[in-house]
Amino acid sequence: MKKILSFFGLLLVGAFFGYAMAKLFLGDASDLFPKQFGLFFILLLPLSFLFVVGVHELGHVLFGRWQNFEFFGLTVGPFSWRPDENGNVRFAWNTSLNLAGGVAVMLPNGGEQLSQRFTWFAAGGPLSSLLLALLLYVLSSLLPAGSFLAFMAGGLSLLSAVIFLATILPFRAGGFASDGMRILTFWRGGKVARADIAGLQTIAHIRTGKPYRELPLEDMVAVAEDPDIPEQQRVTMDYYRYLVALSENDVDRAGELLDSVMDRLDAYPPGVQGTFYAELALFKARYRRDLKAAESAWEKFTPIPLTEAASIHLTKAAIADLREDYTALSAELPGLKKGLPKMLDQSRRPIIEYWVREWEEKVASQVG
1 MKKILSFFGL LLVGAFFGYA MAKLFLGDAS DLFPKQFGLF FILLLPLSFL
51 FVVGVHELGH VLFGRWQNFE FFGLTVGPFS WRPDENGNVR FAWNTSLNLA
101 GGVAVMLPNG GEQLSQRFTW FAAGGPLSSL LLALLLYVLS SLLPAGSFLA
151 FMAGGLSLLS AVIFLATILP FRAGGFASDG MRILTFWRGG KVARADIAGL
201 QTIAHIRTGK PYRELPLEDM VAVAEDPDIP EQQRVTMDYY RYLVALSEND
251 VDRAGELLDS VMDRLDAYPP GVQGTFYAEL ALFKARYRRD LKAAESAWEK
301 FTPIPLTEAA SIHLTKAAIA DLREDYTALS AELPGLKKGL PKMLDQSRRP
351 IIEYWVREWE EKVASQVG
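Its first residue numbered 1, the sequence shown is counted upward by one per residue in my numbering.
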């Protein structure tokens, strides 16, 4: 039933936009835009789209800050911003088409009232789009009729209204859940909401650096093995179980769980699937000591603007160590050490710091 409702919801958005375009180019457009500006609408559509999507994503960021979420990245079209190792927000080009539609990455500080806080975070985008649409509509009605400025205000109002409708409708597609789906999920409660909360609680846990062994493993297993929960949440929980197994030195069990995650990467959006290969390469290099497998996995790794620099340095360092290439290993250590305090997963930091000390000793004995 959800798929049917989502399908008709998308049809509704398409029909709304198609109606506006038909009125503009085929019918009497005087009540929408002056016909002479039709070409301008087409030429300015990409920039207009970036503007309204940017406002939408900034809405998520502002509401996230209000709810004590930490900013980890913002992508709009080809543009991306994320904090560097020093906490300064830096610009980078986005080359992932799957993220070009806009994404704001923010994670909660603390684990209190996560359902309520994440609901507001999810609502920030659609509410901002709706507010922008209303403000621009009022502005277009106040500007001289038939003027270019009135046309631009009206056109942007229409686009922002479309973005509002497209994101407030509850549906899942390509590994993404719409804002409306997230809001509805938390509002209704149930298994899926509890799975999302479990994931958010796990993120909050590892961000504070608490030991993996304190995670509620039984709850994680229940989520991972429940067929009524969407595949993405189940795979994510298996990834966290993999980290728990590593912390317990159960390498074989960790390998089984990571293999299960890699076999089900289709649960994630294509644009982020490649990032899991960095973890696979690290596991093969550090825990299996299998250089060929590590290099094979690393070749499949595709970074995105939101990829942590420290994770790249970490995997490259582990592979360099396995190759006994101490010059390359030495080159990765400064960036790794600098990025450690800002890594999302602070629970992993103690073992990485142990590796760094071990690698520094090797470098000192071989290169010095």
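Glycine is no exception: its CB is placed at the ideal position from the N, C-alpha and C atoms.
Which residues DSSP lists as bridging residue i, in chain order
{"i": "Val76", "result": "Phe79"}
{"i": "Trp93", "result": "Phe79"}
{"i": "Tyr107", "result": "Here the sequence assigns Leu to residue 107, which means Tyr is not the residue at that position. In the DSSP output, where bridge partners are listed per residue, Leu107 has Glu70."}
{"i": "Phe176", "result": "Ala173"}
Outcome for residue i when other beta-carbon atoms lying within 10 angstroms are tallied against a minimum of 16
{"i": "Glu57", "result": "buried"}
{"i": "Lys210", "result": "exposed"}
{"i": "Asp238", "result": "buried"}
{"i": "Lys316", "result": "buried"}
{"i": "Leu24", "result": "Legend: pLDDT at Leu24 = 44, less than 50; position of this residue unreliable, value from coordinates given subsequently. So Leu24 counts as buried."}
{"i": "Gln366", "result": "exposed"}
{"i": "Val432", "result": "Any question about residue 432 goes unanswered here, given that the chain covers just 1 to 368."}
{"i": "Tyr354", "result": "exposed"}
{"i": "Ser96", "result": "buried"}
{"i": "Ser141", "result": "exposed"}
{"i": "Thr327", "result": "exposed"}
{"i": "Trp298", "result": "buried"}
{"i": "Arg90", "result": "exposed"}
{"i": "Ile183", "result": "buried"}
{"i": "Gln67", "result": "buried"}
{"i": "Ala173", "result": "exposed"}
{"i": "Leu43", "result": "exposed"}
{"i": "Asp179", "result": "buried"}
{"i": "Arg286", "result": "buried"}
{"i": "Leu165", "result": "buried"}
{"i": "Gly189", "result": "exposed"}
Supposed contact pair residue j and residue i - C-beta distance, whole angstroms, cut 8 Å
{"i": "Thr208", "j": "Asp196", "result": "Contact doesn't hold; Cβ gap of about 19 Å is too wide."}
{"i": "Asn88", "j": "Thr75", "result": "Not a contact, Cβ separation roughly 18 Å."}
{"i": "Leu282", "j": "Leu258", "result": "Wrong, their Cβ atoms sit about 10 Å apart, outside the cutoff."}
{"i": "Leu213", "j": "Glu248", "result": "Rather than Leu, the amino acid found at residue 213 in this sequence is Arg. With 8 Å as the limit, Arg213 and Glu248 qualify as a contact, their Cβ atoms being about 7 Å apart."}
{"i": "His205", "j": "Leu217", "result": "Contact doesn't hold; Cβ gap of about 12 Å is too wide."}
{"i": "Val192", "j": "Ile229", "result": "6 Å"}
{"i": "Pro83", "j": "Lys342", "result": "7 Å"}
{"i": "Gly274", "j": "Lys300", "result": "7 Å"}
Contact check, residue i vs residue j, beta carbons under 8 Å
{"i": "Leu136", "j": "Ser48", "result": "no"}
{"i": "Glu308", "j": "Ala320", "result": "no"}
{"i": "Ser330", "j": "Val363", "result": "yes"}
{"i": "Leu291", "j": "Leu322", "result": "yes"}
{"i": "Ala293", "j": "Lys284", "result": "yes"}
{"i": "Leu306", "j": "Ile352", "result": "no"}
{"i": "Phe79", "j": "Val105", "result": "no"}
{"i": "Phe69", "j": "Leu156", "result": "no"}
{"i": "Gly64", "j": "Phe121", "result": "yes"}
{"i": "Gly77", "j": "Ala100", "result": "yes"}
{"i": "Gln201", "j": "Leu114", "result": "yes"}
{"i": "Pro108", "j": "Phe176", "result": "no"}
{"i": "Asp219", "j": "Ala198", "result": "yes"}
{"i": "Ala254", "j": "Tyr240", "result": "no"}
{"i": "Met181", "j": "Pro170", "result": "yes"}
Practice task
Check whether the segment 126 to 140 touches the segment 43 to 59, counting contact only when three or more Cβ pairs, one atom from each stretch, lie closer than 8 Å.
Solution key: yes
Practice task
Check whether the segment 142 to 149 touches the segment 227 to 236, counting contact only when three or more Cβ pairs, one atom from each stretch, lie closer than 8 Å.
Solution key: no
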